[in-house]
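Here the structure is laid out as structure tokens; the discussion comes afterwards.
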Amino acid sequence: MTDTFSRRGLMAGAPLLAGAALMPGASAAAPRLNRDLADPANRARVRARIIGSCRAETTFAFFRLHIYGFTGEGNLIPFFTLNNLQIGQWTPQPDGTYANRSVESGVYCRFDTDEPLDTWDNPLTGERRKVWHFRGGPFTVTIGADGVVTRGADLAPKTLRMEEIGGMVFVPTAASAAFPNPATPDKWPRLSSGKTIFWESHATYAARAEDAYNEEFGSAPAFMQFQNLASWQPWMAMAGHPGRTWGKAHGTKLTSLDALPAAARRSFEAKTPDIFAWQGWTTPRNDLLEYLATQTPPG
148 MTDTFSRRGL
158 MAGAPLLAGA
168 ALMPGASAAA
178 PRLNRDLADP
188 ANRARVRARI
198 IGSCRAETTF
208 AFFRLHIYGF
218 TGEGNLIPFF
228 TLNNLQIGQW
238 TPQPDGTYAN
248 RSVESGVYCR
258 FDTDEPLDTW
268 DNPLTGERRK
278 VWHFRGGPFT
288 VTIGADGVVT
298 RGADLAPKTL
308 RMEEIGGMVF
318 VPTAASAAFP
328 NPATPDKWPR
338 LSSGKTIFWE
348 SHATYAARAE
358 DAYNEEFGSA
368 PAFMQFQNLA
378 SWQPWMAMAG
388 HPGRTWGKAH
398 GTKLTSLDAL
408 PAAARRSFEA
418 KTPDIFAWQG
428 WTTPRNDLLE
438 YLATQTPPG
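The opening position of the sequence shown corresponds to residue 148 in my numbering, with each subsequent residue numbered one higher.
As structure tokens, this is what we get:
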């Protein structure tokens, strides 16, 4: 699982500047900027423009999520890197909010590489485990002036203060969840992380002020990042081991799927090729439940 508000969260500097020149709708004339964040309608529009889009269009976001193990003692232990692709279809609503229907997939790779893993040697248990790459969604997210509402996702992000600092507009969110674990300890003694799954996710989206306030942009080029702290995944077979995974992701919106880094694209094509057929993705996917459906409970 990750954040999008499914679990998920997005680079700055030169890539951001290059992205601004590529975004559709750019004008050679001086852009019309609306900096009035006291106006709820504009605040909702700016928030949607940075996170996704305030127009009817599809956005693509790519993240690298470095995942570590944390047992409560010692330092973080590098586990693997997740290539995460999120695709959102945005639609302005009559009430001034912006709805997003999104799907995502994730490919676990050898740490800090684009090399997909078929198996993973668990450094805490010494066991070699078959890796479970995931698909998630569709999720529905609605963005307004002061809030984010999700349906179908594990997390419900709360918006923190949106503000301009040093010529950048920052949109932070925070989510905290605890829900019953489908992999219960009595039924899945080796796979379960406990009766309850805990998930913390903090994301920050940032765009240059001249892009965030630009009324000619539906979607602003954005730096996007998130951290999460989550209960062990069942496929890792960590029952009885205290701790959680800690992940740190960075990413950005893409102008199209053609802008995916070549090696990352190959990882998706190898392990989750159905993400490229996202337009026909209507059946809900849940990686945890789908994994458990492939397993046979002991006894």
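We treat Cβ as the ideally placed atom computed from N, Cα and C, and that holds for glycine.
Rounded to whole angstroms, how far is the Cβ of residue i from the Cβ of residue j, which I believe are closer than 8 Å?
i	j	result
Q373	L404	This sequence places Phe at residue 373; Gln is not what is there. About 21 Å; that fails the 8 Å criterion.
R275	M315	Not a contact, Cβ separation roughly 44 Å.
M371	S340	Actually they do not touch by this definition, with Cβ atoms about 28 Å apart.
T351	P319	5 Å
G235	N247	5 Å
I214	P270	Actually they do not touch by this definition, with Cβ atoms about 12 Å apart.
E262	L232	That pair is no contact at about 17 Å.
A322	K342	Contact doesn't hold; Cβ gap of about 21 Å is too wide.
F258	F226	7 Å
A353	F317	5 Å
S348	T206	Contact flag wrong, Cβ pair sits at about 19 Å.
G253	N230	7 Å
A361	L180	Ala is not the amino acid found at residue 361; the sequence shown has Asn there. N361 to L180, Cβ: 6 Å. Contact.
R432	G283	6 Å
Check residue i in the structure and name its three-state DSSP category.
i	result
P285	strand
K400	strand
S249	strand
K334	coil
L184	coil
E416	helix
R190	helix
M170	Residue placement at M170 is flagged as unreliable, the pLDDT there being 48, under the threshold of 50; a coordinate-derived value is accordingly withheld.
Q372	strand
W382	helix
R432	strand
E204	strand
L439	helix
G427	helix
From the DSSP secondary-structure annotation, give me the bridge partner or partners of residue i.
i	result
D268	R275
T392	G216, A377
W346	A324, A377
L232	F209, S252
K305	A321
R355	M315
T238	A246
I198	Partner(s): none; I198 has no beta bridge.
P454	In the structure as shown, the chain starts at 148 and stops at 446, and residue 454 therefore has no counterpart that could be examined.
E310	F317
P263	C256
I290	Y245, V295
On the CB-based measure, 16 or more other CB atoms within 10 Å of its CB, does residue i come out buried or exposed?
i	result
R192	buried
L436	exposed
F210	buried
P445	exposed
T392	buried
R194	buried
I312	exposed
A440	exposed
R196	buried
A451	Lying outside 148 to 446, the shown extent of the chain, residue 451 is not represented and no answer is given.
F415	buried
P368	buried
E220	exposed
P381	buried
F152	Residue placement at F152 cannot be trusted, given a pLDDT of 38 that sits under 50; what the coordinates show is reported in the next sentence. Buried, because 16 or more other Cβ atoms sit within 10 Å of the Cβ of F152.
D453	The first residue shown for the chain is 148 and the last is 446, placing residue 453 beyond what the model contains.
P285	buried
K400	buried
K334	exposed
K418	buried
Q426	exposed
D183	exposed
T228	buried
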